[in-house]
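Participant: Sharing a structure, written as structure tokens. Questions coming.
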Amino acid sequence: EAPEAHQEIRFCFARDGIQIAYATVGRGPALVKAPNWMTHIEREWQSPIWKHLLTELSRDHTLIRFDQRANGLSDWDVEDISYDAFVADLETIADTLKLERFPLLGISQGCAISIGYAIRHPERVSCLVLYGGFARGAYNRGPAAREQAQAMNALIKHGWGQDNAAFRQMFTSAFIPDGTREQMEWFNELQRMSASPDNAVRLREAVCNFDIVDMLAQVSVPTLVLHCRGDAVAPFEEGRRMAAMIPGARFIPLEGNSHLILDSEPAWPRFLEEVRGFIAETS
4 EAPEAHQEIR
14 FCFARDGIQI
24 AYATVGRGPA
34 LVKAPNWMTH
44 IEREWQSPIW
54 KHLLTELSRD
64 HTLIRFDQRA
74 NGLSDWDVED
84 ISYDAFVADL
94 ETIADTLKLE
104 RFPLLGISQG
114 CAISIGYAIR
124 HPERVSCLVL
134 YGGFARGAYN
144 RGPAAREQAQ
154 AMNALIKHGW
164 GQDNAAFRQM
174 FTSAFIPDGT
184 REQMEWFNEL
194 QRMSASPDNA
204 VRLREAVCNF
214 DIVDMLAQVS
224 VPTLVLHCRG
234 DAVAPFEEGR
244 RMAAMIPGAR
254 FIPLEGNSHL
264 ILDSEPAWPR
274 FLEEVRGFIA
284 ETS
């Protein structure tokens, strides 16, 4: 039977009263995945973008995921969309589930959020696994990156909710340039379902403003950093810098262009092997 059949969705309240939706699936020790750009804990199981990852991660663990505030099944009507709120939501999930010690997986913006949590609660994080991440959002990577991100955010604001997927396709092409047509259509649709145009802009603005470079030296838990060389969303160099500044972090460069790792890519088996091995070694 498919793992999604066993997924349980529940809700809890963040500190400011916002409802956060979370899901648990699989059996075994807990593995927590921090949220990334546009999630929908219910629909991701049908998605050719996420299904392979979720299936594999829930094979040996109880996989815990949640939709960040303002998207997916969590509350959309939200005042505070900020780095601190994102980290606090992760704290809420860990506390609600009374998790004592667990590996923490961050993908994309989830890496910075996971790092924030691990610095505040080192005794609860057995290891950090960070894929496709960055310590500096696009607004803090120099004038060219800032200009490009601002242009992108303007396009989201005006084009996101339209039936014509052209605007969302720009994102999709950056996130999964080697994706199949089916994968691209899924990603376009997932984005539309996951957030309103206004929330999509606010979430991206918050992430573009991330700057946790000064915090990296405070990470004290075992850390594995993986990054695809051709990543067009979070430049490879950002992942490498992040790894270099985290004490003792292990860095694995992966071949490929995707920001979200697809099961058709040569890097996928290596990603799985490295992540499994690292979690087993540190637990």
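Numbering (the working numbering), first residue to last: 4 to 286. We treat Cβ as the ideally placed atom computed from N, Cα and C, and that holds for glycine.
(1) Using three-state DSSP, classify residue 42 as helix, strand or coil.
(2) For the alpha helix (DSSP H) containing residue 120, list its first residue and its last residue.
(3) Could you have a look at residue 261 and say whether DSSP puts it in helix, strand or coil?
(4) Taking the straight line between their C-alpha atoms, what separation do you get for residue 101 and residue 37?
(5) Tell me whether residue 154 is buried or exposed, calling it buried when 16 or more other Cβ atoms sit within 10 Å of its Cβ.
(6) Quick check: residue 257 and residue 273, are their CB atoms within less than 8 angstroms of each other?
(7) If distances are taken between C-alpha atoms only, which option among 156, 174, 200 comes closest to residue 188?
(8) Looking at the structure shown, is residue 54 part of a helix, part of a strand, or coil, going by DSSP?
(9) Got a sec? Which residues, its chain only, sit under 8 angstroms from residue 177 by beta carbon, not counting five neighbours each side?
(10) DSSP state of residue 176, grouped into three classes?
(11) Excluding the 5 residues preceding and the 5 following residue 65 in the sequence, name in chain order all residues of the same chain whose CB lies nearer than 8 angstroms to its CB.
(12) Among the candidates 138, 281, 275, 193, whose CA atom is the shortest distance from the CA of residue 57?
(13) Per DSSP, residue 11 is paired with what?
(14) Please state whether DSSP places residue 136 in a helix, a strand or coil.
(15) From what residue to what residue does the beta strand (DSSP E) around residue 68 run?
(16) Measure how close the beta-carbons of residue 73 and residue 206 come, nearest whole angstrom, since I'm counting them as under 8 angstroms.
(17) Which of helix, strand or coil does DSSP assign to residue 225?
(18) When DSSP labels each residue in this structure, what does residue 238 get in the three-state scheme?
(19) Residues in the same chain with beta-carbon distance under 6 angstroms from residue 214, minus the five sequence neighbours each way, listed in chain order, please.
(20) Taking the alpha-carbon positions, what's the residue 69 to residue 46 distance?
Facilitator: Let me lay it out:
(1) Here residue 42 is taken as the residue at index 39 of the sequence shown, counted from 1. Reduced to three states, the DSSP call for residue 42 is coil.
(2) Counting from 1 along the sequence shown, the entry for residue 120 is found at position 117. Per DSSP, residue 120 belongs to the alpha helix (DSSP H) from 113–123.
(3) The sequence position of residue 261 within the sequence shown is 258, counting from 1. In this structure, residue 261 counts as coil in the three-state DSSP scheme.
(4) Locating residue 101 in the sequence shown gives position 98, where the first residue counts as 1. Locating residue 37 in the sequence shown gives position 34, where the first residue counts as 1. Residue 101 and residue 37: Cα-Cα distance of roughly 16 angstroms.
(5) Taking the first residue of the sequence shown as position 1, residue 154 is located at position 151. Only exposed fits residue 154, as fewer than 16 other CB atoms lie within 10 angstroms of its CB.
(6) Position 254 of the sequence shown, counted from the start, is the residue given in the question as residue 257. Position 270 of the sequence shown, counted from the start, is the residue given in the question as residue 273. In contact: residue 257 and residue 273 (Cβ atoms closer than 8 angstroms).
(7) Counted from its first residue, the sequence shown places residue 188 at position 185. The shortest Cα separation from residue 188 among 156, 174, 200 belongs to 174.
(8) Taking the first residue of the sequence shown as 1, we reach residue 54 at position 51. In the structure shown, residue 54 falls within a helical segment according to DSSP collapsed to helix, strand and coil.
(9) Working through the sequence shown from its first residue, we reach residue 177 at position 174. Hits under 8 angstroms: 235, 236, 262.
(10) Position 173 of the sequence shown, counted from the first residue, corresponds to residue 176. Reduced to three states, the DSSP call for residue 176 is helix.
(11) Mapped onto the sequence shown, residue 65 falls at position 62. Here the set comprises 27, 28, 29, 30, 31, 32, 33, 34.
(12) Counting from one through the sequence shown, the residue named residue 57 turns up at place 54. Nearest of 138, 281, 275, 193 to residue 57, Cα basis: 275.
(13) Looking up residue 11 in the sequence shown gives position 8. Within the DSSP bridge table, the entry for residue 11 names 27 as partners.
(14) By one-based count along the sequence shown, residue 136 stands at place 133. It is coil, neither helix nor strand.
(15) The residue you call residue 68 lines up with position 65 of the sequence shown. Run containing residue 68: 65–69, per the beta strand (DSSP E) assignment.
(16) As a working note, residue 73 is residue 70 in the sequence shown. As a working note, residue 206 is residue 203 in the sequence shown. Between residue 206 and residue 73 the Cβ distance is about 6 angstroms, and since that is below 8 angstroms, they are a contact.
(17) Along the sequence shown, read from residue 1 onward, the residue named residue 225 stands at position 222. In the three-state reduction of the DSSP assignment, residue 225 falls in the coil class.
(18) In the sequence shown, counting from the first residue as 1, residue 238 sits at position 235. Residue 238 falls in the coil class under three-state DSSP.
(19) Taking the sequence shown and counting its residues from 1, the one referred to as residue 214 is at position 211. Residues of the same chain with a CB within less than 6 angstroms of the CB of residue 214, apart from the 5 flanking positions on each side, are 139, 143 in chain order.
(20) Residue 69 sits at position 66 when you count from the first residue of the sequence shown. Residue 46 sits at position 43 when you count from the first residue of the sequence shown. Each residue's CA atom was taken as its position, placing residue 69 and residue 46 some 12 angstroms apart.
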